[in-house]
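**Q** One structure coming up, written as structure tokens, with questions to follow.
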């Protein structure tokens, strides 16, 4: 009976939203408990500098977002509060870290490999065979010279 009186205190239209909010709060609580169980120094030492920056930014953004929600529950407009500028500042740094991460993941051009791909893509076996035949004909047509004999230079 206590549950029935509890559900009558709010409109039924927001019932799904409240259930979703409750599950989200429980998920956040679980994640915070996992993070709090680990020593921060141990966690930071295992990460490279870029991941450390991501962790710090995520922590700051999460705390500021929770404070934003707290202000809303207290009836304060967070858009007129300094928290808005802080969240924008953190978001700017998050975008910068994302740019750095994307640059690391970007494909790098191996110029030598690219040249080989192009050369092999343009390869035509008929042309190569004709070049071999032409080269062998030229070699057969030209008289061989001994290293000791010189031809007179023609002007």
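Residue numbers (this note's numbering): 115 to 269.
We treat Cβ as the ideally placed atom computed from N, Cα and C, and that holds for glycine.
(1) Could you tell me if residue 204 is buried or exposed, where buried requires 16 or more neighbouring beta carbons within 10 angstroms of its beta carbon?
(2) Should residue 207 and residue 169 be called a contact, given that it needs their Cβ atoms to be closer than 9 angstroms?
(3) In three-state terms, what does DSSP make of residue 230?
(4) Alpha carbon to alpha carbon, how far is residue 163 from residue 154? Give it in angstroms, no decimals.
(5) Can you round the beta-carbon distance between residue 167 and residue 211 to whole angstroms, since I take them to be within the 8 angstroms contact cut?
(6) To which residues of the same chain is residue 133 closer than 8 angstroms at the C-beta, ignoring the five residues directly before and after it?
(7) Suppose the cutoff is 8 angstroms on Cβ atoms and the five residues either side in sequence are ignored; what does the same chain contact list for residue 223 look like?
(8) Where does residue 191 fall in DSSP's three states?
(9) By alpha-carbon positions, which one of 214, 138, 235, 178 ends up nearest to residue 198?
(10) Could you please give the first and the last residue of the uninterrupted alpha helix (DSSP H) stretch that includes residue 214?
(11) On the premise that residue 180 lies in contact with residue 195, defined as a C-beta separation below 8 angstroms, what is that separation, rounded to the nearest angstrom?
**A** From the atom records:
(1) Here the question's residue 204 lines up with position 90 in the chain shown. Buried.
(2) For this step, residue 207 is matched to residue 93 along the chain shown. For this step, residue 169 is matched to residue 55 along the chain shown. Their beta carbons are not under 9 angstroms apart, which means residue 207 does not touch residue 169 by this criterion.
(3) Here residue 230 corresponds to residue number 116 of the chain shown, with the count starting at 1. It is helical.
(4) Taking the chain shown and counting its residues from 1, one reaches residue 154 at position 40. Taking the chain shown and counting its residues from 1, one reaches residue 163 at position 49. Taking the straight line joining both Cα atoms gives about 14 angstroms.
(5) As a working note, residue 167 is residue 53 in the chain shown. As a working note, residue 211 is residue 97 in the chain shown. Going by Cβ atoms, the distance from residue 167 to residue 211 rounds to 5 angstroms, so yes, they are a contact pair.
(6) Within the chain shown, the letter at position 19 stands for residue 133. Correct list: empty, nothing qualifies.
(7) On the chain shown, residue 223 is found 109 positions in, with the first residue counted as 1. So the list is empty, once near-sequence residues are dropped.
(8) Here residue 191 corresponds to residue number 77 of the chain shown, with the count starting at 1. The answer is coil: DSSP assigns residue 191 none of H, G, I, E or B.
(9) For this step, residue 198 is matched to residue 84 along the chain shown. When only C-alpha atoms are compared, the closest one is 178.
(10) Taking the chain shown and counting its residues from 1, one reaches residue 214 at position 100. Per DSSP, residue 214 is one residue of the alpha helix (DSSP H) stretching across 197 to 219.
(11) Within the chain shown, residue 195 is the residue found at index 81, counting from 1. Within the chain shown, residue 180 is the residue found at index 66, counting from 1. Actually they are not in contact, since the Cβ atoms of residue 195 and residue 180 sit about 14 angstroms apart, beyond 8 angstroms.
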